[in-house]
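Just below is one structure, and these are the notes that go with it.
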Amino acid sequence: MKSRGIKVVFPLIGALSVAACGDLSSRAATANRRNEAEQQAKTGLTQTLYSYGDEIVKRMAAELVAAESQDLSGEWLWSLAGCNCGSSYKSRLLKRLSGTRGVLPQALVPDVRDQIRSNPEVNALLELGGFGELLESLFANDEKITGEIRKGIIAKITQSLPGGTRLTAEAPFFFDGFPAFANTSPATPGPMRSFALAEQVKRWHLVLGLDNLWQGVSAPANDDHGLQALATMQLLMEWKYLFGLHKLGDGTTFGGLTIDVAVGSSGGLGPFDPREESAGARYLAGSYTIEFPESTMIDLALNGEERWTHADDPVALEEQAEIWYTAAIAFSRLRPAARGKAAFLFAPGKGLLPDNAHLLPLAFLPGMKALLNQGFIDRETRRIFAFASRQGGEASLRPLVRLAAALGKWSTELQNIDDAGLDDTAKARLNRAPPALTEASRLVVQTILARHVQTSSEGGEPAVVFVDGDHEAPMALAAESLAILIRLDQSSLPSPLLREAIINLSEGLSQRLNQAWERDGSEANRLSADGILWLRAAISALAGYPAIDETLPWRAALTTALDAVVTSWQERTQL
Amino acid sequence: MSCRLASLVFTVMTWSSVAFGQSGLLPRGIGLYQVSYRSFADQSHRYDAQGERVPLSDRLAKDFNGTALLDGKGGASLQRLAEEVSKFDSDPKAKDSLVNSMRLGRLDADVKAKVNATVLGLAYGLGPRWTLFTGVPYVVADVKVKLRYQGENNAAQIKERLGELAFEELKAGLDQAAAMNTSAVSRAITNEGYAPLEHWSKSGFGDVRIGAKTAFRQGLMRPLVYSGSLTTTLLLPTGATESPDVLTDVDFGTGYYSLAFGYEQVLHLPQNYHVGLNTSYSHNFNSKRTKRVPETDETIVTAERKTTVTHNPGDDTAIELQVGKQWRGIKVSTAIGQKRHYGDRFHGSLAGGYAALARHSDSEQAYHKAAISYDTVRAYKNQRALVPFIIELSGYHPLVARNAMDERYIQLSLTSFFKAQ
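Chains A and B, in that order, give the protein sequences. Numbering-wise (the working numbering), the first sequence opens with residue 1163 and increments by one. Numbering-wise (the working numbering), the second sequence opens with residue 506 and increments by one.
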């Protein structure tokens, strides 16, 4: 019996053992699977960031800091303008700009000319006739007038901004037109007689791109919104001058540097008011040079007749796309529906900006339409050219990406223009724009996908990458291109195909980054300062896709690293 | 398809010289009339350029995949659609490209053609050395087509995948492509001005032949006798040619003048055996035709592309070896032969795929023919028969062929004579 009992027990023990082993083995299998998943998540870029993250963050932050003290490149400024970061640094740049002399001296700025002309002391001088010179030196010399200008501007800003401004008349700023970052010595006596629109547009974008004034965000420490308000006023003054929209009662027009699309720059420069029936289509491009007699501010303001000449250079798509994009940003900031927290800027009577300020960016649209239809885009062959003359071949990746950004932004902004306060005719005309802009965007994105996206094995493993010409695009351009495509997919051109391309390109970018950080690889894989900002923009934008971290498991780690980079940079550059 | 069935009719016109008897000539003042009825086997296959037997419908059959559409196999509209889709690919030829993933189904067709021909022939002995002849065929053709559309159509998925990237025109094109079915294809065909495919029939006269024949006999070593005859035939383009508005049309005539020279030689052997060798050469003259000129090589060509083109037909050659025996009025014979039509060329003022018009026109065929006949002419001459006639039953089938129809037929012909003077 006993033995039978043992026999009975043994099988039971055996059964229990089997059951226990089975249970144990299933738990082990689950743990193995979890470890495997964790291991997989730690491969590639994730593993690199896991191993070297601190060092990578330090290196990238140092790159950003170094960019501040180098010559300001257009690409750095453009990427900076588009990133929602670095407000301290941007404020410092605005301060630098405000003290920089411009190509159009403030005495020739129409608003200032008006102010000078209506100044009682000046009028007194005029009536006194022959004693003019003596009285001028005593009462209305350049220094005094500059001071008065500053006072007037500060008063306007103080009246408009809640909490006023710390801008003072003693701090040297000028209301010149078209200053350049290159000329950074404050109050440098000129002459700076030429400006390039390709350079000015970077500044405009920087001014408009800073959220602070528009979003009610606090200004950086030791600063306020005064600088941004000043720079915005200056921008709008410049645009008004470029389009020649400032007219005196006697019909005199100040400025007007636009070019007729049909004729080109050989037809001379002139004003353009799109509200006029016979306005046609005109645009701004290239470099402008001013000539005016060396004289006092009073003399310039009263009698000065500046003369502008224009360099007859080919009209470049990249420059125009940047101008159009910046104009779209301006419209999005200034339009009534978006004023929200910045409504005080437009308050009747005391507002800094006129209520119809949002109409000014619309002046770029007729020229944009004409240049696209008759210049950059050949609709028959569906080709997009680098220059409006169609010489010099098709556009490369950067101009295409910037054009896509501009078209997408305008397409979004013009979807609903009920708040713009336009008459029925203008509204009807503008309502035709979004479908045309969308079709143009489609062509641009199609061109990018067909000609600038390829599977490359340059780095060893095949990866889907952006190409420009015969080579992989530099990292900064690749990151910017990705950011713009994501933006379009998430706004005006949602498309599963585009999304597939974005995912593949993101994977390709992560592979290139991994190579760069693992082996400190080729120059093409090096992340420049602008590349860091664009990469951050792209990776942040990817968060807009649901369940993206399952598809791109390295995204979260990279986002953390990039946020740490910007935080570190901002901490190092506090005023 | 029309060119395929044309060769059937061409074969109808072949003139048998056996009816003229051994000398091949009619005595002066004697006439001959002959009625032949040729019934072709139901035509559902043909021989392609590689000599393979393929269904008649293969030119209508289309696989509407992206690559085929890019090559223009689906017509100009679908080619444009595929090109638009391919513009989103950096490498359209890549396996995983968007255009390569495009599938719009497959069009198949069942085609059956029935052709019969009756030929009325007349001959007259002009003199001891010359016989004139003429022949007029009457053809009846009936073609039935059943279209079948099947397979995967992923145009809607492609449109969805493109999303807002697709241009409005492309979206509309993909919507249309997604709705493709048999009715849509039939409608597309009739919308282009073509007659409906399903059933078509026609009857009418073919090309008239007129010719002259001369012959001689020469005794060789007894009992061998050698005879030879030279025939000159002019083919008149009196038969209807295919309509450019009927996809399944049949040429009843060649549409061009042709001048043929034939030499028939027979070696008469003892015990009424004979061995013969026939050769012929035809020179075909240029003509004008009305055709729809494809843009590339699409089957469905838009009506706007209908134009007059110049047809440069290739020449024809033929050779046949025959063996036979005669016994008391009954003659049996068997023959193998080879005939060739050299490729045609088309050209015109409208730019387009003229090579497509001439594709498959270069044809050749090796065949076997057998015949049995009963001849009362000698008996009539010997006053042992009341009426001189010849009745013949023959059969023909291709052995190997290239770009040719499956020309199997049986033929019954009745020949009799009359005195003209």
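All C-beta atoms in this analysis are idealised placements derived from N, C-alpha and C, irrespective of residue type, glycine included. Small disclaimer: the values here were computed from a predicted structure and weren't measured.
*Look at F1454(A) and G1466(A) and say whether their C-beta atoms are less than 8 Å apart.*
The residue labelled residue 1454(A) in the question sits at position 292 within the first sequence. The residue labelled residue 1466(A) in the question sits at position 304 within the first sequence. Yes.
*asked:* Less than 6 Å between C-beta atoms, sequence neighbours within five positions excluded: which residues of the same chain meet that for T784(B)?
replied: Sequence index remark: in the second sequence, residue 784(B) carries index 279 (1-based). Closer than 6 Å at Cβ, skipping near neighbours: Y768, I824.
*Amino acids of chain A, ordered along the chain, whose beta-carbon sits closer than 9 Å to that of D750(B)*: As a first step, residue 750(B) is located in the second sequence; it is residue number 245 there, counting from the start. What D750(B) touches in chain A: nothing, since even the nearest Cβ is about 32 Å away.
*Simplified DSSP state of A871(B), which is helix, strand or coil*: As a position in the second sequence, residue 871(B) is number 366, starting the count at 1. In the structure shown, A871(B) sits in a strand (DSSP, three-state: E or B).
*Three-state secondary structure (DSSP) at D1725(A)?*
Here residue 1725(A) refers to the residue found at position 563 when the first sequence is read from its first residue. Under the three-state reduction of DSSP output, D1725(A) falls in the helix class.
*Name, please, each residue of chain B whose Cβ falls closer than 7 Å to the Cβ of R1604(A).*
In the first sequence, the residue the question calls residue 1604(A) occupies position 442. What R1604(A) touches in chain B: L670, F672.
*So, helix, strand or coil for R585(B), using DSSP?*
Along the second sequence, one-based indexing puts residue 585(B) at 80. In this structure, R585(B) counts as helix in the three-state DSSP scheme.
_Beta-carbon separation (whole angstroms), L1407(A) vs D1338(A), contact threshold 8 Å_ = The residue labelled residue 1407(A) in the question sits at position 245 within the first sequence. The residue labelled residue 1338(A) in the question sits at position 176 within the first sequence. Incorrect: roughly 19 Å between the Cβ atoms, too far for contact.
_Y762(B) - partner residues in DSSP beta bridges_ = Looking up residue 762(B) in the second sequence gives position 257. In DSSP, Y762(B) forms no bridge with anything.
*What are the boundary residues of the alpha helix (DSSP H) that includes G900(B)?*
Taking the first residue of the second sequence as 1, we reach residue 900(B) at position 395. Not the alpha helix (DSSP H): G900(B) falls in the beta strand (DSSP E), residues 894-907.
*What is the DSSP secondary structure of P642(B), counted as helix, strand or coil?*
Taking the second sequence and counting its residues from 1, one reaches residue 642(B) at position 137. Of the three classes helix, strand and coil, the one that applies to P642(B) here is strand, per DSSP.
*Go ahead and label T753(B) buried or exposed: buried means 16 or more other beta carbons lie within 10 angstroms of its beta carbon, across all protein chains shown.*
In the second sequence, residue 753(B) corresponds to position 248, counting from 1. The residue is buried, with at least 16 neighbouring Cβ atoms inside 10 Å.
*For A554(B), which three-state DSSP category applies?*
Within the second sequence, numbered from 1, the residue matching residue 554(B) stands at position 49. The answer is coil: DSSP assigns A554(B) none of H, G, I, E or B.
_Which of helix, strand or coil DSSP assigns to Q1553(A)_ = The residue you call residue 1553(A) lines up with position 391 of the first sequence. Coil, per DSSP.
*For L772(B) versus L729(B), is the C-beta distance shorter than 8 Å?*
Here residue 772(B) refers to the residue found at position 267 when the second sequence is read from its first residue. Here residue 729(B) refers to the residue found at position 224 when the second sequence is read from its first residue. Result yes, Cβ atoms of L772(B) and L729(B) sit closer than 8 Å.
_Between Q1608(A) and chain B, is any beta-carbon pair separated by less than 8 Å?_
Position 446 of the first sequence, counted from the start, is the residue given in the question as residue 1608(A). Taking Cβ atoms only, chain B reaches closer than 8 Å to Q1608(A), which makes this a yes.
*Measuring CA to CA, which of A660(B), S688(B), S691(B) is closest to A677(B)?*
For the purposes of this step, residue 677(B) is taken as the residue at position 172 of the second sequence. Nearest option by C-alpha distance: A660(B).
*Between the Cα of E1620(A) and the Cα atoms of V1606(A), P1334(A), A1635(A), I1610(A), which residue gives the shortest distance?*
Along the first sequence, read from residue 1 onward, the residue named residue 1620(A) stands at position 458. Considering only alpha carbons, the answer is A1635(A).
*Going by beta carbon distance, what residues of the same chain come within less than 8 Å of Q1673(A), once the five residues before and after it are set aside?*
The count along the first sequence starts at 1 and reaches residue 1673(A) at position 511. These residues qualify, in order along the chain: G1206, L1207, G1621, E1623, A1625.
*When we look at the beta-carbon of D576(B) and count the other beta-carbons within 10 Å, is it buried (16 or more) or exposed?*
Here residue 576(B) refers to the residue found at position 71 when the second sequence is read from its first residue. When all chains shown are included, D576(B) counts as exposed.
_DSSP beta-bridge partners of M910(B)_ = In the second sequence, residue 910(B) corresponds to position 405, counting from 1. In the DSSP output, where bridge partners are listed per residue, M910(B) has R551(B).
*asked:* So the candidates are S868(B), R907(B), G900(B); which of them puts its Cα closest to the Cα of L917(B)?
replied: Here the question's residue 917(B) lines up with position 412 in the second sequence. For the residues S868(B), R907(B), G900(B), the minimum Cα distance to L917(B) belongs to G900(B).
_Buried or exposed by the 16-neighbour rule on C-beta atoms within 10 Å, applied to K924(B)_ = Here residue 924(B) refers to the residue found at position 419 when the second sequence is read from its first residue. Around the beta-carbon of K924(B), fewer than 16 other beta-carbon atoms lie within 10 Å, marking it exposed.
_Span separating the alpha-carbon of E703(B) from that of K649(B)_ = Here residue 703(B) is taken as the residue at index 198 of the second sequence, counted from 1. Here residue 649(B) is taken as the residue at index 144 of the second sequence, counted from 1. Roughly 6 Å between the two C-alpha positions.
*Going by the CB atoms, is the gap between I1579(A) and K1571(A) shorter than 8 Å?*
For the purposes of this step, residue 1571(A) is taken as the residue at position 409 of the first sequence. For the purposes of this step, residue 1579(A) is taken as the residue at position 417 of the first sequence. Not a contact, by the Cβ cut-off of 8 Å.
*Would DSSP call D880(B) helix, strand or coil?*
Taking the first residue of the second sequence as position 1, residue 880(B) is located at position 375. Looking at D880(B) - three-state DSSP - the assignment turns out to be strand.
*Is it the case that the Cβ atoms of T804(B) and G853(B) are separated by a distance below 8 Å?*
As a first step, residue 804(B) must be located in the second sequence, where it is residue number 299. As a first step, residue 853(B) must be located in the second sequence, where it is residue number 348. No. Outside cutoff.
_Would you say R608(B) lies against chain A (beta-carbon separation less than 8 Å)?_
As a first step, residue 608(B) is located in the second sequence; it is residue number 103 there, counting from the start. Not closer than 8 Å to any Cβ of chain A, the Cβ of R608(B) fails to qualify, so no.
*Among the residues of its own chain, which have a CB less than 8 Å from the CB of L1714(A), if the five just before and after it don't count?*
Stepping through the first sequence from its first residue, residue 1714(A) is reached at position 552. Counting only Cβ-Cβ distances below 8 Å, and skipping sequence neighbours, we find I1665, S1668, E1669, S1672, L1704.
*Below 7 Å CB to CB, which residues in the same chain sit around G610(B) once its five sequence neighbours on both sides are set aside?*
Against the second sequence, residue 610(B) aligns to sequence position 105. F569, Y654, Q655, G656, E657, N658, M685.
*Is the CB of V1566(A) under 8 Å away from at least one CB in chain B?*
Here residue 1566(A) is taken as the residue at index 404 of the first sequence, counted from 1. The sequence shown places Ala at residue 1566(A), not Val. Nearest CB-CB separation between A1566(A) and chain B: not below the 8 Å threshold.
*Sequence-distant residues of the same chain with beta carbon closer than 8 Å to V751(B), five excluded per side*: In the second sequence, counting from the first residue as 1, residue 751(B) sits at position 246. Answer for V751(B): S507, Y699, A700, W705, listed in chain order.
*asked:* Please report the straight-line C-alpha distance between A1478(A) and P1272(A), rounded to a whole angstrom.
replied: Mapped onto the first sequence, residue 1478(A) falls at position 316. Mapped onto the first sequence, residue 1272(A) falls at position 110. Going from the Cα of A1478(A) to the Cα of P1272(A) covers about 29 Å.
_Assigned secondary structure, G716(B) (DSSP; H/G/I helix, E/B strand, else coil)_ = Working through the second sequence from its first residue, we reach residue 716(B) at position 211. The answer is strand: DSSP assigns G716(B) an E or B state.
*asked:* Counting C-beta neighbours from all protein chains within 10 Å, is the total for Y1212(A) 16 or more, i.e. buried, or is it exposed?
replied: In the first sequence, the residue the question calls residue 1212(A) occupies position 50. Looking at its Cβ environment, which holds fewer than 16 other Cβ atoms inside 10 Å, Y1212(A) is exposed.
*Nearest-angstrom Cα separation, counted from S732(B) out to W832(B)*: Position 327 of the second sequence, counted from the start, is the residue given in the question as residue 832(B). Position 227 of the second sequence, counted from the start, is the residue given in the question as residue 732(B). C-alpha separation (whole angstroms): 19 Å.
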